[in-house]
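Have a look at the structure below, then the notes.
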Amino acid sequence: MKKTNKNHSWLFIQNALVLFKQGSFYFVISFVIFFETSAQIPTHTWRTHADYSDAKGLEIVQNLVYCFSKNGFYYFDKTNNQAITLSKLDNLSETNIAQIRYNAEFKTLLVAYQTGNLDIINIAQNGIPEKIQNIDFIKRTDAIQDSKFINQIEFQGDFAYLAADFGLVVLDIKKNEIKETYQNIGKDGKKVAIKQMVFARDSLFVNTSDGILGTKFASNINLQFYGNWKQITDNQLFKIKTFPKDNLIKYPNEIETDTDGHIWIADGINGLVSNFSGSFKSYQPNSVKSDIFDIFYQNQKLYAVGIEGNVFEKNEWNTLNLNTLPTSTNDIIDQYGYRWQLNGQILKVTDDATNRTRYYSSGIDLPSIYVNTIALDHDNLLWVGTNNGVAVIVTSKDIFTTSIKPYTPFYQSRRLLLQEVVNKIVVDGGNRKWIATQNSLNLFSPSADEQILNFTEENSPLPSKNIIDLAIDSNSGEVFILTQNGLLSYRNDATEASENLSSIKIFPNPVRPDFQGVITISGLMENTTIKITDTGGRLIHESKSNGGTASWDLQNSQGNRATSGIYLVFCIAEDGSESFVGKAAVIR
Numbered sequence: 001m002k003k004t005n006k007n008h009s010w011l012f013i014q015n016a017l018v019l020f021k022q023g024s025f026y027f028v029i030s031f032v033i034f035f036e037t038s039a040q041i042p043t044h045t046w047r048t049h050a051d052y053s054d055a056k057g058l059e060i061v062q063n064l065v066y067c068f069s070k071n072g073f074y075y076f077d078k079t080n081n082q083a084i085t086l087s088k089l090d091n092l093s094e095t096n097i098a099q100i101r102y103n104a105e106f107k108t109l110l111v112a113y114q115t116g117n118l119d120i121i122n123i124a125q126n127g128i129p130e131k132i133q134n135i136d137f138i139k140r141t142d143a144i145q146d147s148k149f150i151n152q153i154e155f156q157g158d159f160a161y162l163a164a165d166f167g168l169v170v171l172d173i174k175k176n177e178i179k180e181t182y183q184n185i186g187k188d189g190k191k192v193a194i195k196q197m198v199f200a201r202d203s204l205f206v207n208t209s210d211g212i213l214g215t216k217f218a219s220n221i222n223l224q225f226y227g228n229w230k231q232i233t234d235n236q237l238f239k240i241k242t243f244p245k246d247n248l249i250k251y252p253n254e255i256e257t258d259t260d261g262h263i264w265i266a267d268g269i270n271g272l273v274s275n276f277s278g279s280f281k282s283y284q285p286n287s288v289k290s291d292i293f294d295i296f297y298q299n300q301k302l303y304a305v306g307i308e309g310n311v312f313e314k315n316e317w318n319t320l321n322l323n324t325l326p327t328s329t330n331d332i333i334d335q336y337g338y339r340w341q342l343n344g345q346i347l348k349v350t351d352d353a354t355n356r357t358r359y360y361s362s363g364i365d366l367p368s369i370y371v372n373t374i375a376l377d378h379d380n381l382l383w384v385g386t387n388n389g390v391a392v393i394v395t396s397k398d399i400f401t402t403s404i405k406p407y408t409p410f411y412q413s414r415r416l417l418l419q420e421v422v423n424k425i426v427v428d429g430g431n432r433k434w435i436a437t438q439n440s441l442n443l444f445s446p447s448a449d450e451q452i453l454n455f456t457e458e459n460s461p462l463p464s465k466n467i468i469d470l471a472i473d474s475n476s477g478e479v480f481i482l483t484q485n486g487l488l489s490y491r492n493d494a495t496e497a498s499e500n501l502s503s504i505k506i507f508p509n510p511v512r513p514d515f516q517g518v519i520t521i522s523g524l525m526e527n528t529t530i531k532i533t534d535t536g537g538r539l540i541h542e543s544k545s546n547g548g549t550a551s552w553d554l555q556n557s558q559g560n561r562a563t564s565g566i567y568l569v570f571c572i573a574e575d576g577s578e579s580f581v582g583k584a585a586v587i588r
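Here full-length UniProt numbering is used: the first residue of the sequence shown is 1, the next is one more, and so on.
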């Protein structure tokens with residue numbers, strides 16, 4: 001029998017009776033198991049939520065059309081009408097692309113980022129990306145202090161020429177290394193930004209911030225000497241591109257025609273637009289739209305607010321009119337009904353029933369004059385994020401009559417995140433603290449005396465180290481992370497606890513040979529004990545749930561990978577009042 005809910009497909013199996021022991025008592029339990037095929041991402045994995053509608057450029061590679069936006073990258077496969085996203089999850093170096101260009105002879109796609117960083121992607125016979133090699137010389141060099149933005153890429157022989165804000169770069173495609181850079185080629189050695197370039201006849205022409213310059217393109221000409229570049233007046237060298245007229249073509253940035261005569265346009269409003277199937281249509285992955293400045297979770301939906309409104313439900317993004325978005329508030333109501341709120345940079349608590357108000361002085365009671373975020377945890381402690389770390393306030397019924405001072409939690413004998421700008425704090429189902437700073441994303445234990453995770457731009461798919469906002473889907477545990485360069489999410493191993501054990505799910509199930517993640521058990525009560533055994537009764541794993549979720553890394557008690565077989569999953573409520581037994585199948 002197949003059962004479907006809004007996010008998953010479940011295969012329901014009735015199993016035999018199982019005998020298990022708790023304390024000195026033995027229980028005979030009839031159990032069921034749900035095998036899940038989930039549309040959600042697995043626990044401890046990432047997914048990106050880029051805006052693909054703001055297309056900046058494209059490149060046709062065999063039967064694929066590669067397209068990039070301000071913070072997104074994907075290709076459209078014309079054979080199966082499918083859009084496949086690409087990101088740091090696929091080993092790309094960064095997120096914000098400036099230009100792409102394909103060299104058919106070398107089967108190489110060159111990707112230039114806004115930082116000057118370069119990825120050289122080897123393309124397979126079918127057009128799919130294979131090996132990626134990074135060249136970060138431009139990004140790392142201190143010799144270039146100005147913008148390192150790449151405006152155009154052109155191939156000539158064995159070399160790629162990059163027109164940049166700081167000059168011209170020559171990349172040796174065979175050796176995958178920078179050969180030369182040409183700077184200060186303007187009049188009298190003036191520094192100029194190169195916006196466009198073209199090879200014509202026996203010359204190279206560049207469109208700069210000071211007009212068009214040209215030089216003879218020959219091996220005996222030193223292009224680094226400004227005297228070899230001459231001012232050119234030629235209105236035919238850099239013509240403005242013309243685009244077809246259509247309702248979907250609003251802000252066209254680039255146009256190319258494939259071998260079948262179909263037109264492909266990178267449009268700043270409607271993404272990748274083409275007459276591939278007749279009339280012009282948009283071909284792009286489902287995505288959030290516009291630059292996002294606020295995210296929040298409400299009524300089991302994730303909202304992303306920018307110039308447009310966006311809602312994420314059933315694992316899809318939809319655009320909403322800003323007027324139809326629910327009202328979002330950062331106010332917190334504690335267990336006594338008192339309202340905590342940030343009024344500018346001032347933290348205050350108010351009893352709406354009696355109009356009593358108390359202020360916590362920034363920089364006196366709190367570690368900084370700048371207070372950015374507040375969060376109430378499951379122990380009714382108020383966590384306060386400032387420009388100088390974190391403080392905690394014990395909420396109390398007598399908060400207006402008793403001098404209750406904030407305290408500073410310590411981690412490794414140091415004030416928590418001292419001298420760090422804390423932008424956001426959220427509490428997950430396991431009462432753990434997700435803390436976003438200008439330098440990283442951190443997960444701390446409930447009391448913050450242990451750091452569980454630390455994600456940076458270098459060790460994770462984060463497109464920027466500056467984390468602006470956070471929101472948690474309490475059902476799935478997915479943490480949505482808004483960075484300076486875009487939105488992505490990470491599926492956490494903690495959710496809000498269930499009231500009973502009637503809705504437990506074990507996934508993925510079965511575990512297939514290519515799976516490298518963890519098995520997740522969701523729908524648990526607070527502090528549920530998890531015991532995993534083989535069919536012979538040998539204990540393989542034991543843990544406690546994080547709120548309503550627990551996970552198993554598929555390691556046995558000796559630290560070895562679990563072998564193929566059926567494993568029993570025992571779930572026992574903290575007070576012993578409820579229990580559940582399920583199965584997990586592992587295939588190697």
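For glycine and all other residues, C-beta sits at the position ideal for the given N, C-alpha and C.
Values in this document were obtained by computation on a predicted structure and should not be read as measured data.
- Tell me, please, which residues DSSP counts as bridged to F464. As a first step, residue 464 is located in the sequence shown; it is residue number 464 there, counting from the start. In the sequence on display, residue 464 carries Ser and not Phe. None; S464 has no bridge partner.
- Endpoints, beta strand (DSSP E) assigned at F296: To locate residue 296, count along the sequence shown from 1; it is residue 296. Per DSSP, F296 belongs to the beta strand (DSSP E) from 292-298.
- Item | C-alpha gap between N546 and S209, whole angstroms | What you label residue 546 is simply residue 546 of the sequence shown in a count that begins at 1. What you label residue 209 is simply residue 209 of the sequence shown in a count that begins at 1. If I take the Cα positions, the gap works out to 57 Å.
- Query: Counting along the chain, where does the alpha helix (DSSP H) carrying K139 start and finish?
  - Reply: Start at 1 with the first residue of the sequence shown, and residue 139 comes out as number 139. 137-140 is the span of the alpha helix (DSSP H), which, as asked, contains K139.
- Query: Do T85 and P409 come within 8 Å of each other at the CB atom, strictly closer than that value?
  - Reply: As a first step, residue 409 is located in the sequence shown; it is residue number 409 there, counting from the start. As a first step, residue 85 is located in the sequence shown; it is residue number 85 there, counting from the start. In this structure, P409 lies away from T85, with their beta-carbon atoms at least 8 Å apart.
- Query: Can you round the beta-carbon distance between I472 and Y251 to whole angstroms, since I take them to be within the 8 Å contact cut?
  - Reply: Within the sequence shown, the letter at position 472 stands for residue 472. Within the sequence shown, the letter at position 251 stands for residue 251. Not a contact, Cβ separation roughly 35 Å.
- Between L237 and A200, is the Cβ-Cβ spacing less than 8 Å? The residue given as residue 237 occupies position 237 in the sequence shown. The residue given as residue 200 occupies position 200 in the sequence shown. The beta carbons of L237 and A200 sit closer together than 8 Å.
- Query: Applying the criterion that 16 or more other CB atoms from any shown protein chain within 10 Å of the CB defines a buried residue, is V586 buried or exposed?
  - Reply: Residue 586 sits at position 586 when you count from the first residue of the sequence shown. With 16 or more other CB atoms across the displayed protein chains lying within 10 angstroms of its CB, V586 is buried.
- Task: Report the three-state DSSP secondary structure of E578 (helix, strand or coil).
- Result: Position 578 of the sequence shown, counted from the start, is the residue given in the question as residue 578. Residue state for E578 is assigned as coil, using DSSP reduced to three classes.
- Are N485 and T48 close, meaning C-beta to C-beta below 8 Å? Residue mapping note: residue 485 aligns to position 485 of the sequence shown, counting from 1. Residue mapping note: residue 48 aligns to position 48 of the sequence shown, counting from 1. No. Outside cutoff.
- Item | Straight-line gap, Q114 to D469 (C-alpha atoms, nearest Å) | For the purposes of this step, residue 114 is taken as residue 114 along the sequence shown, with counting starting at 1. For the purposes of this step, residue 469 is taken as residue 469 along the sequence shown, with counting starting at 1. C-alpha separation (whole angstroms): 23 Å.
- Message: If you reduce the DSSP assignment to three classes, tell me which class Y226 lands in.
- Response: Stepping through the sequence shown from its first residue, residue 226 is reached at position 226. In the structure shown, Y226 falls within a helical segment according to DSSP collapsed to helix, strand and coil.
- If we count Cβ pairs, one from each stretch, closer than 8 Å, do we get three or more for the stretch 121-135 versus the stretch 149-164? Counting Cβ pairs under 8 Å, fewer than three are found: no touch.
- Item | M525 - containing beta strand (DSSP E), residue span | Walking along the sequence shown from the start, residue 525 turns up at place 525. Element bounds for M525: n/a, residue is neither H nor E.
- Are at least three pairs of beta-carbons, each pair with one atom in the stretch 305-315 and one in the stretch 267-278, less than 8 Å apart? Result no; under three Cβ-Cβ pairs closer than 8 Å.
- Query: Are D51 and V288 closer than 8 Å when you measure CB to CB?
  - Reply: Position 51 of the sequence shown, counted from the first residue, corresponds to residue 51. Position 288 of the sequence shown, counted from the first residue, corresponds to residue 288. For D51 and V288, yes; Cβs fall inside 8 Å.
- Task: Count the other CB atoms, across all protein chains shown, that sit within 10 Å of the CB of S293; report buried if there are 16 or more and exposed otherwise.
- Result: Your numbering for residue 293 matches position 293 in the sequence shown. The residue you asked about is not Ser; residue 293 is Phe in the sequence shown. The residue in question, F293, is exposed, as its Cβ has fewer than 16 Cβ neighbours within 10 Å.
- Item | Distance between beta carbons of T533 and K544, contact taken as under 8 Å | As a working mapping, residue 544 is identified with position 544 in the sequence shown. As a working mapping, residue 533 is identified with position 533 in the sequence shown. Between K544 and T533 the beta-carbon gap is near 17 Å, outside 8 Å, which marks them as no contact.
- Does the Cβ-Cβ distance between F480 and L302 come in under 8 Å? Counting from one through the sequence shown, the residue named residue 480 turns up at place 480. Counting from one through the sequence shown, the residue named residue 302 turns up at place 302. At a Cβ-Cβ threshold of 8 Å, F480 and L302 count as neighbours.
- For K397, count neighbouring C-beta atoms within 10 Å of its own C-beta (all shown protein chains included) and say buried if the count is 16 or more, exposed if not. Taking the first residue of the sequence shown as position 1, residue 397 is located at position 397. Its Cβ having fewer than 16 others within 10 Å, K397 is exposed.
- Query: DSSP on G189, reduced to helix/strand/coil?
  - Reply: Counting from one through the sequence shown, the residue named residue 189 turns up at place 189. DSSP places G189 in the helix class (H, G or I) of the three-state scheme.
- Can you give the Cα-Cα distance for Q451 and Q300, rounded to whole angstroms? Sequence index remark: in the sequence shown, residue 451 carries index 451 (1-based). Sequence index remark: in the sequence shown, residue 300 carries index 300 (1-based). Taking the straight line from one Cα to the other gives about 28 Å.
- Message: I'd like the list of long-range same chain contacts for G363, defined as Cβ closer than 8 Å, with 5 residues on each side in sequence excluded.
- Response: Taking the sequence shown and counting its residues from 1, one reaches residue 363 at position 363. Within the same chain, G363 has close Cβ partners I369.
- According to DSSP, residues forming a beta bridge with L86: Taking the sequence shown and counting its residues from 1, one reaches residue 86 at position 86. F73.
- Nearest-angstrom Cα separation, counted from I269 out to G167: In the sequence shown, residue 167 corresponds to position 167, counting from 1. In the sequence shown, residue 269 corresponds to position 269, counting from 1. Going by the C-alpha atoms only, they are around 30 Å apart.
- Item | Cβ shell of residue 614 (< 6 Å), same chain only, five flanking positions each side left out | The structure shown does not extend to residue 614, since the chain is modelled only from 1 through 588, so no value can be given for it.
- Message: Just to confirm before moving on: does the CB-CB distance between T181 and S551 stay below 8 Å?
- Response: As a first step, residue 181 must be located in the sequence shown, where it is residue number 181. As a first step, residue 551 must be located in the sequence shown, where it is residue number 551. Going by C-beta atoms, T181 is not nearer than 8 Å to S551.
- Query: Are there 16 or more other CB atoms within 10 angstroms of the CB of D146, so buried, or fewer, so exposed?
  - Reply: Stepping through the sequence shown from its first residue, residue 146 is reached at position 146. Taking a 10 Å sphere around the C-beta of D146, we find fewer than 16 other C-beta atoms and assign the residue as exposed.
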